[in-house]
Amino acid sequence: MEYNCDMAAVISYRKLERLIKGFANHRRIEIMDLLSREPELSVEEVSGRLKIGYENASDHLRKLAIAGLVLKRNEGSAVRHKLTSRAESILVFCKRLQ
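Taken in order, the sequence shown gives residues 1 to 98; the numbers are from UniProt numbering.
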């Protein structure tokens, strides 16, 4: 039996995998939900609101940004975070699954 391997599809699947891994964690989903209600939060504000450590919040926000789900904006010495439209769509999807 012969299988055709479409390299464009493989690359697309890898991008999709990276995206899914970006939010495949309960804490990251919680951060996305928080940012949907309160955009433009700093790492300190996220860690305070969710009662998690600064380093933990920072690491999760970094992973969300790598996945293209969070945008970062410098404001003085603080970095503000907000969701991308893709992240907002993912939140809607997650809420439908509940």
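We put the beta carbon where it would ideally sit given N, CA and C, even for glycine.
- Following the DSSP letters along the chain, one finds N56 inside the alpha helix (DSSP H) bounded by residues Y54 to I66.
- Here DSSP, grouped into helix, strand and coil, assigns L71 to strand.
- In this structure, V46 places its C-beta atom within 9 Å of the C-beta atom of L61.
- Between R28 and L64, the beta carbon gap of about 6 Å places them in contact (Cβ cut-off 8 Å).
- In this structure, the beta-carbon distance from M32 to A87 falls below 9 Å.
- A78 is bridged by DSSP to E75.
- Of R37, L16, K15 and R14, the smallest CA-CA separation from L91 is found for R37.
- Note on geometry: alpha-carbon atoms of R73 and S85 lie some 16 Å from one another.
- Boundaries of the alpha helix (DSSP H) harbouring A87: S85 to L97, taken from the DSSP string.
- Under the DSSP definition of a beta bridge, L41 partners with H81.
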